[in-house]
Amino acid sequence: MTVSGSKPLFVLNGPNLNLLGQRERGVYGSATLKDVEAECHALAEALAMTVDFRQSNSEGELVDWLHEAGQKAAGVAINAGAYTHTSIALHDAIKGIDVPVVELHLSNIHARESFRHHSMISAACIGQICGFGTASYTLALRALADRLSKPLG
Ligand code: DQA
18 MTVSGSKPLF
28 VLNGPNLNLL
38 GQRERGVYGS
48 ATLKDVEAEC
58 HALAEALAMT
68 VDFRQSNSEG
78 ELVDWLHEAG
88 QKAAGVAINA
98 GAYTHTSIAL
108 HDAIKGIDVP
118 VVELHLSNIH
128 ARESFRHHSM
138 ISAACIGQIC
148 GFGTASYTLA
158 LRALADRLSK
168 PLG
């Protein structure tokens, strides 16, 4: 599967994901965010795509990056961290842009505490991938590439 086009896929990471590899390893594993970034670049290369990989602890910065993605990206994979469960601003930002957005999580949020079961952003995304550890990132990129090569309708 290859997708051509010059626009990158944005991979956006929310709060505390900079601590990956040190943080709650029993839940999130021992890979660091740098490791995840390397996996994303390797897959993107195989798909003839490019990835712009970013992390922020700030909700507003993630909103700004989604707006930027609306202008500059072919699609977005987002792990919004805890903002997933709280942020109407991220929901609205995703709704406000005209590129496909995939929600992803390392852990299976539906099998964890009840406050993680609801996502504020799912309804604005084309789909959700969760529970596959770092493979959730590459699965999200494959889902985006698939959608971009075979648009609905
Ligand atoms: C997470 C799940 C969220 O509930 C949590 O707040 C995170 C990480 C995940 O990747 O599994 O920070 O998004």
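The sequence shown maps to residues 18 to 170 in this note's numbering.
Glycine included, each C-beta is placed from N, C-alpha and C at the ideal position.
Please read all numbers here as calculations on a predicted model, not as lab measurements.
Cβ pair residue i, residue j closer than 8 Å
i, j, result
"residue 165", "residue 91", "yes"
"residue 83", "residue 105", "no"
"residue 31", "residue 96", "yes"
"residue 70", "residue 28", "yes"
"residue 154", "residue 62", "no"
Sequence-distant residues of the same chain with beta carbon closer than 8 Å to residue i, five excluded per side
i, result
"residue 125", "147 and 148"
"residue 103", "137"
"residue 36", "none"
Residue of the options minimising C-alpha distance to residue i
i, options, result
"residue 86", "163, 25 and 150", "25"
"residue 142", "152, 60 and 161", "161"
"residue 44", "73, 128, 135 and 132", "128"
"residue 152", "32, 35 and 52", "52"
"residue 49", "33, 62, 63 and 61", "33"
"residue 59", "81, 130 and 159", "159"
"residue 100", "135, 64 and 89", "135"
"residue 54", "77, 81, 23 and 94", "94"
"residue 133", "89, 98 and 23", "98"
"residue 108", "81, 167, 23 and 163", "81"
Close Cβ partners of residue i (< 6 Å) along its chain, the five nearest in sequence each way excluded
i, result
"residue 145", "120 and 139"
"residue 73", "79"
"residue 130", "none"
"residue 167", "none"
Residues of its chain near residue i, where Cβ-Cβ distance is below 7 Å and the 5 sequence neighbours each way are ignored
i, result
"residue 47", "38"
"residue 67", "25 and 61"
"residue 19", "With a pLDDT of 46 at residue 19, under the threshold of 50, the predicted position of this residue should be treated as unreliable, though the coordinate-derived value follows. Once the five neighbours on either side are set aside, the close Cβ partners of residue 19 are 64 and 65."
Exposure of residue i, with buried meaning 16 or more beta-carbon neighbours within 10 Å
i, result
"residue 41", "exposed"
"residue 169", "exposed"
"residue 76", "buried"
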